[in-house]
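Asks:
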Amino acid sequence: MGATTDQVVRVRARITVSGVVQGVGFRPFVYALARELGLSGQVTNTPAGVIAEVEGSAGSVATFARRIASDAPPLAVVETVDEVRVASCGGTEFHILDSAGGAGRTLVSPDVATCNDCLAEFDDPADRRYRHPFITCTNCGPRFTIITGLPYDRPATTMAGFPLCADCAREYADPGDRRFHAQPIACPACGPRLSLTTSATDPQYGEEALAGARRLLGSGAILAVKGLGGFHLVCDATDEAAVTTLRKRKDRGDKPFAVMAADLATARRIAEIDETEAALLTGHRRPIVLLRRLSAAGVAKAVAPGNPDLGVMLPYTPLHRLLFEDASVLVMTSGNVSGEPIVSSDEEALIRLAPLADAWLGHDRPIHVPCDDSVARIVAGDELPIRRSRGYAPFPVALPSPVRAALAVGGDLKNTFCLGEGRYAWLSAHVGDMDDLATLTAFEKAERHLENLTGVGPEILVTDKHPAYRSRQWAELHADGRPVLGVQHHHAHLASVMAEHGYDGDEKVIGFAFDGTGYGDDGAVWGGEVLLADYDGFERYAHLGYVSLPGGDAGVRNPCRMALSHLTAAGLPWDPRLPAVQACSEEELALLRTQLERNLACAPTSSMGRLFDAVSSLAGVCHRAGYEAQAAIELEGLAAGHALDQPYEFTLSDPAPLLTAVVRDVLDGVDPGVVGARFHGGIVAAMVRTADLVRSRRGLTTVALSGGVFVNRLLLAASTRALSSAGFTVLRHRLVPPTDAGLALGQLAVAGRVHHGRS
Ligand code: ZN
Ligand code: ZN
Ligand code: FE
Numbered sequence: 000m001g002a003t004t005d006q007v008v009r010v011r012a013r014i015t016v017s018g019v020v021q022g023v024g025f026r027p028f029v030y031a032l033a034r035e036l037g038l039s040g041q042v043t044n045t046p047a048g049v050i051a052e053v054e055g056s057a058g059s060v061a062t063f064a065r066r067i068a069s070d071a072p073p074l075a076v077v078e079t080v081d082e083v084r085v086a087s088c089g090g091t092e093f094h095i096l097d098s099a100g101g102a103g104r105t106l107v108s109p110d111v112a113t114c115n116d117c118l119a120e121f122d123d124p125a126d127r128r129y130r131h132p133f134i135t136c137t138n139c140g141p142r143f144t145i146i147t148g149l150p151y152d153r154p155a156t157t158m159a160g161f162p163l164c165a166d167c168a169r170e171y172a173d174p175g176d177r178r179f180h181a182q183p184i185a186c187p188a189c190g191p192r193l194s195l196t197t198s199a200t201d202p203q204y205g206e207e208a209l210a211g212a213r214r215l216l217g218s219g220a221i222l223a224v225k226g227l228g229g230f231h232l233v234c235d236a237t238d239e240a241a242v243t244t245l246r247k248r249k250d251r252g253d254k255p256f257a258v259m260a261a262d263l264a265t266a267r268r269i270a271e272i273d274e275t276e277a278a279l280l281t282g283h284r285r286p287i288v289l290l291r292r293l294s295a296a297g298v299a300k301a302v303a304p305g306n307p308d309l310g311v312m313l314p315y316t317p318l319h320r321l322l323f324e325d326a327s328v329l330v331m332t333s334g335n336v337s338g339e340p341i342v343s344s345d346e347e348a349l350i351r352l353a354p355l356a357d358a359w360l361g362h363d364r365p366i367h368v369p370c371d372d373s374v375a376r377i378v379a380g381d382e383l384p385i386r387r388s389r390g391y392a393p394f395p396v397a398l399p400s401p402v403r404a405a406l407a408v409g410g411d412l413k414n415t416f417c418l419g420e421g422r423y424a425w426l427s428a429h430v431g432d433m434d435d436l437a438t439l440t441a442f443e444k445a446e447r448h449l450e451n452l453t454g455v456g457p458e459i460l461v462t463d464k465h466p467a468y469r470s471r472q473w474a475e476l477h478a479d480g481r482p483v484l485g486v487q488h489h490h491a492h493l494a495s496v497m498a499e500h501g502y503d504g505d506e507k508v509i510g511f512a513f514d515g516t517g518y519g520d521d522g523a524v525w526g527g528e529v530l531l532a533d534y535d536g537f538e539r540y541a542h543l544g545y546v547s548l549p550g551g552d553a554g555v556r557n558p559c560r561m562a563l564s565h566l567t568a569a570g571l572p573w574d575p576r577l578p579a580v581q582a583c584s585e586e587e588l589a590l591l592r593t594q595l596e597r598n599l600a601c602a603p604t605s606s607m608g609r610l611f612d613a614v615s616s617l618a619g620v621c622h623r624a625g626y627e628a629q630a631a632i633e634l635e636g637l638a639a640g641h642a643l644d645q646p647y648e649f650t651l652s653d654p655a656p657l658l659t660a661v662v663r664d665v666l667d668g669v670d671p672g673v674v675g676a677r678f679h680g681g682i683v684a685a686m687v688r689t690a691d692l693v694r695s696r697r698g699l700t701t702v703a704l705s706g707g708v709f710v711n712r713l714l715l716a717a718s719t720r721a722l723s724s725a726g727f728t729v730l731r732h733r734l735v736p737p738t739d740a741g742l743a744l745g746q747l748a749v750a751g752r753v754h755h756g757r758s
């Protein structure tokens, strides 16, 4: 020992790191960093996060504390770093300790796409994981869907039943290896095994199963393929007959299928892709990205009939890559019976998908919780989430102010729920429409799982105010003495976009909540709402003028009926030259006339979604909706090619002048795309005018946009641009969907809010 080292002051610090720090290679990273800096000590996973104790020179310890945040592994998200000095205890070694038990408040990583290091090994014939369908490492692979409990260690995953072979165990124990302490790793010798099941032959395994599956796809068969979060139904997207068969079997109407393209270059041959979209497609989350399809897209017409967009994703598991050895584009749609949750267990798949699939390509790594593909699009350079599931869940949203431990159960359509406590809100993956027992069961299972992972024990439950919502009935049934609080539907929409922006709510927002349907405080079906809102409440400043929604669901499924209802409300005749009138039979017209005159089974509605339906039908675009928002989507598609600079005269409170102008244009033979563009332009102009008026009267300057209508790229981009250039701060969704799939976050933000300094 030299004199200089004797003079160096040795210090020991305990550093606690919170955030997404389990299952992302954090302990090995800490180990490597400590060794590099010559520090002794230890690191462990605890319910509070990763705790490292390091001892060495004061300078090295300070460097360590800085780099633990700045150099963290790619999938880690460091939220806080706390450092306290503790008594020095000497020693020269650094140890990784086993996880310390207890209920966790650490954050679990979402499932992520195979990383480039793994892909290089996967493609290398000399590597022992060459073509291994389950290759993974510290930086990639399944997490959320295989974790059964915390702290995150192999026994608490669905890999518990696969003991590591000697080679894998060596990598797992080697601090210098990329698989050091990576829980889901395996290899051909010790890992899960592929299997192909058909009715015709005995099960096949491994490469044989794969070859069989590829042959079947090549011959036009429909396969059920087990992915990260559930089964997909898969067929060759260029095979018109195969896609048509799948459409028939799924009883799907015209609802578009998503496709998976072999790689980015292939995706560019079927859709327009800008740089932001390419980054989203190739990033580690790998959502389905809604892209503008190319006219000569080279995929079967039956993939997305009449739709201007194409939902495209790229392979995100090694198994997907193996499937693409003979294919370029595959249809990949959730393996479920229409409306039911995605199937995730092998046994269930064999039974429930039997009417849909010709064969099953599965494996023996269980999926603990199902997780659908996420869906997103890029609007004006920013991501707009449409379904936030795989790759995103269970990553939390940071809240602007703390909430009590609460469970918000969301809405009945596209249900997601949200657990919150303190500054965190954990939005669940997509659950589905709460209209059958299977979805309710899936909801309960997902809710228990998320409670386990987050350690949140809800003290209150939060629901929509709709008295008939099953989500609300579920909450009331399971309240067990806890308060059940209701939040108005559109207030929740606006609170969700405020919360995801970290908006403090000190000043009210000018909120445009545009959607198809939501229970209003007056019992009407709301949906074209201008609410001046903060988290505590709202004032209904303006709304779309009420018209009759004839026959509830029937009115929603038949845009031509909404067209006629809007004509009636505007005092306009049902001119037989109008496509909407021509679309109805004499009987339908007579029935509707009676219904509207006598107000039978009619509810008053201010729905913006229904106004889109009406205009779409009047313009001759879509009279019957085979899937949600079909009429609006097709109208937007046609309008997208035209400028919005000749908007219809439109005030929200009275749509009659708008209807009059639409009818005049249609009878004059104006192109439906132009009608659509003038309609979109009219809404944007009405929004800007309304916001201007509120600003001059009330001094409010922040605008919030939420509700399912804002999935519309044309409307969202144009209204954001117009409002921003009019000097407003615009809050639009970037983290959670504007649809009812984002409702739970808003419910939580409103009802869970802890009030500070108020009495
Ligand atoms: Zn990897
Ligand atoms: Zn192995
Ligand atoms: Fe809604």
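Numbering-wise, the sequence shown is residues 0 to 758 according to numbering that gives the first Met the number 0. Glycine included, C-beta positions come from ideal geometry on N, C-alpha and C.
From which residue to which residue does the beta strand (DSSP E) around Cys-234 run?
Replies: In the sequence shown, the residue the question calls residue 234 occupies position 235. Start and end: 230 to 235.
Asks: Under 8 Å between C-beta atoms, does Glu-207 make it to chain C?
Replies: Among the chains in the structure shown there is no chain C, since it carries only a single protein chain.
Asks: Counting C-beta neighbours from all protein chains within 10 Å, is the total for Ser-616 16 or more, i.e. buried, or is it exposed?
Replies: By one-based count along the sequence shown, residue 616 stands at place 617. The residue is buried, with at least 16 neighbouring Cβ atoms inside 10 Å.
Asks: Residue range of the beta strand (DSSP E) that Trp-359 falls in?
Replies: Here residue 359 refers to the residue found at position 360 when the sequence shown is read from its first residue. Element bounds for Trp-359: 358 to 362.
Asks: Are the segment 190 to 207 and the segment 290 to 309 touching, with three or more C-beta to C-beta distances below 8 Å?
Replies: No, because fewer than three Cβ pairs between the segment 190 to 207 and the segment 290 to 309 fall closer than 8 Å, the two stretches do not touch.
Asks: Alpha carbon to alpha carbon, what distance is there between Val-402 and Leu-476?
Replies: For the purposes of this step, residue 476 is taken as the residue at position 477 of the sequence shown. For the purposes of this step, residue 402 is taken as the residue at position 403 of the sequence shown. Computed Cα separation, rounded: 23 Å.
Asks: Roughly how many angstroms separate the alpha carbons of Gly-526 and Ser-337, rounded to a whole number?
Replies: Locating residue 526 in the sequence shown gives position 527, counting from the first residue. Locating residue 337 in the sequence shown gives position 338, counting from the first residue. Cα to Cα, the separation comes out at about 26 Å.
Asks: Give the secondary structure of Asn-44 by DSSP, where H, G and I count as helix, E and B as strand, and everything else as coil.
Replies: Mapped onto the sequence shown, residue 44 falls at position 45. Here Asn-44 sits in strand by DSSP.
Asks: Specify, as a first and last residue, the run of the alpha helix (DSSP H) that Pro-766 falls within.
Replies: Since the first residue of the chain shown is 0 and the last is 758, residue 766 is not available in this structure.
Asks: Which residue comes first and which comes last in the beta strand (DSSP E) that contains Ala-404?
Replies: Here residue 404 is taken as the residue at index 405 of the sequence shown, counted from 1. That run of the beta strand (DSSP E) goes 396 to 407.
Asks: Which residues in the same chain as Tyr-540 place their Cβ atom closer than 6 Å to its Cβ, once the five residues preceding and following it in sequence are excluded?
Replies: As a position in the sequence shown, residue 540 is number 541, starting the count at 1. Cβ neighbours of Tyr-540 beyond the five flanking positions: Val-529 and Leu-531.
Asks: Using only Cβ atoms and a threshold of 5 Å, which residues come within that distance of a heavy atom of ligand 1? Order them by chain position.
Replies: Qualifying residues, in the order they occur: Cys-114, Cys-117, Cys-136, Asn-138 and Cys-139.
Asks: Among all residues, which have a Cβ less than 7 Å from at least one non-hydrogen atom of ligand 2, and in what chain order do they fall?
Replies: Listed by chain position, these are Leu-163, Cys-164, Asp-166, Cys-167, Ala-185, Cys-186, Ala-188, Cys-189 and Gly-190.
Asks: Buried or exposed: which applies to Ala-684, given that a residue is buried once 16 or more other Cβ atoms fall within 10 Å of its Cβ?
Replies: Residue numbering aside, residue 684 sits at position 685 when the sequence shown is read from its first letter. Classification for Ala-684: buried.
Asks: Can you give me the start and stop residues for the alpha helix (DSSP H) that Gly-217 sits inside?
Replies: Position 218 of the sequence shown, counted from the start, is the residue given in the question as residue 217. From DSSP, the alpha helix (DSSP H) with Gly-217 extends over 205 to 217.
Asks: Compute the minimum distance between the beta carbon of Gly-706 and the heavy atoms of ligand 3, and state whether it is under 7 Å.
Replies: Position 707 of the sequence shown holds residue 706. The answer is yes for Gly-706.
Asks: By Cβ distance below 7 Å, which residues in the same chain neighbour Thr-275 in space, the five residues on each side in sequence not counted?
Replies: Residue mapping note: residue 275 aligns to position 276 of the sequence shown, counting from 1. Within the same chain, Thr-275 has close Cβ partners Ile-377 and Gly-380.
Asks: Would you decide whether Glu-506 is buried or exposed? Buried here means 16 or more other CB atoms lie within 10 Å of its CB.
Replies: As a first step, residue 506 must be located in the sequence shown, where it is residue number 507. With fewer than 16 other Cβ atoms within 10 Å, it is exposed.
Asks: Helix, strand or coil for Arg-688? Go by DSSP, reduced to three states.
Replies: The count along the sequence shown starts at 1 and reaches residue 688 at position 689. Helix.
Asks: Among the candidates Arg-422, Leu-634, Phe-442 and Val-49, whose CA atom is the shortest distance from the CA of Phe-678?
Replies: As a position in the sequence shown, residue 678 is number 679, starting the count at 1. The residue with the shortest Cα to Cα distance from Phe-678 is Leu-634.
Asks: Quick check: what's the CA-CA separation for Thr-415 versus Ile-459?
Replies: Numbered from its first residue, the sequence shown carries residue 415 at position 416. Numbered from its first residue, the sequence shown carries residue 459 at position 460. Taking the straight line joining both Cα atoms gives about 17 Å.
Asks: Where DSSP assigns a beta bridge to Ser-337, which residues make up the other side?
Replies: Position 338 of the sequence shown, counted from the first residue, corresponds to residue 337. Per DSSP, none; premise fails for Ser-337.
Asks: I need the boundaries of the alpha helix (DSSP H) containing Cys-417, first residue and last residue.
Replies: Within the sequence shown, residue 417 is the residue found at index 418, counting from 1. Element bounds for Cys-417: not the alpha helix (DSSP H) but the beta strand (DSSP E), 417 to 426.
Asks: Opposite Gly-431 in the DSSP bridges: which residues?
Replies: For the purposes of this step, residue 431 is taken as residue 432 along the sequence shown, with counting starting at 1. Bridge partners of Gly-431: Asn-414.
Asks: Does the Cβ of His-492 lie closer than 7 Å to at least one heavy atom of ligand 3?
Replies: What you label residue 492 is simply residue 493 of the sequence shown in a count that begins at 1. Indeed, a heavy atom of ligand 3 lies less than 7 Å from the Cβ.
Asks: For the structure I just gave you, are there three or more beta carbon pairs, one from the segment 76 to 88 and one from the segment 122 to 133, closer than 8 Å?
Replies: At 8 Å Cβ cutoff, the stretches do not touch.
Asks: Is it the case that the Cβ atoms of Arg-285 and Tyr-315 are separated by a distance below 8 Å?
Replies: Looking up residue 285 in the sequence shown gives position 286. Looking up residue 315 in the sequence shown gives position 316. The answer is yes: Cβ separation under 8 Å.
Asks: Whose beta carbon lies closer than 5 Å to any heavy atom of ligand 3, going through the chain in order?
Replies: Taken from the N-terminal end onward, the list reads Asp-514, Gly-517 and Asp-739.
Asks: Cα-Cα, which of Leu-290, Leu-280, Thr-15 and Ala-553 is closest to Phe-256?
Replies: Counting from one through the sequence shown, the residue named residue 256 turns up at place 257. Taking only the C-alpha atoms, the option nearest Phe-256 is Leu-290.
Asks: How should Leu-352 be labelled, buried or exposed, when 16 other C-beta atoms within 10 angstroms of its C-beta is the threshold for buried?
Replies: Indexing the sequence shown from 1 puts residue 352 at position 353. By the 10 Å Cβ count, Leu-352 comes out buried.
Asks: Taking Cβ to Cβ, would you say Arg-84 is nearer than 8 Å to Val-10?
Replies: Along the sequence shown, one-based indexing puts residue 84 at 85. Along the sequence shown, one-based indexing puts residue 10 at 11. For Arg-84 and Val-10, yes; Cβs fall inside 8 Å.
Asks: If we call anything under 8 Å between Cβ atoms a contact, is Gly-681 one with Glu-627?
Replies: The residue given as residue 681 occupies position 682 in the sequence shown. The residue given as residue 627 occupies position 628 in the sequence shown. Result no, Cβ atoms of Gly-681 and Glu-627 do not sit closer than 8 Å.
Asks: At the level of alpha carbons, what is the spacing between Ala-212 and Leu-329?
Replies: Reading the sequence shown from its first residue, position 213 is the one you call residue 212. Reading the sequence shown from its first residue, position 330 is the one you call residue 329. Whole-angstrom Cα-Cα distance: 13 Å.
Asks: Just checking my contact of Leu-280 with Ala-261 at CB under 8 Å: how many whole Å lie between their CB atoms?
Replies: Residue 280 sits at position 281 when you count from the first residue of the sequence shown. Residue 261 sits at position 262 when you count from the first residue of the sequence shown. That belief does not hold up - the Cβ atoms of Leu-280 and Ala-261 are roughly 12 Å apart, past 8 Å.
Asks: Report the three-state DSSP secondary structure of Gly-745 (helix, strand or coil).
Replies: The sequence position of residue 745 within the sequence shown is 746, counting from 1. It is helical.
Asks: Leaving out the 5 sequence neighbours to the left and right, which residues in its chain are closer than 7 Å to Pro-354 when beta-carbon positions are compared?
Replies: Your numbering for residue 354 matches position 355 in the sequence shown. So the qualifying residues of the chain are Arg-248.
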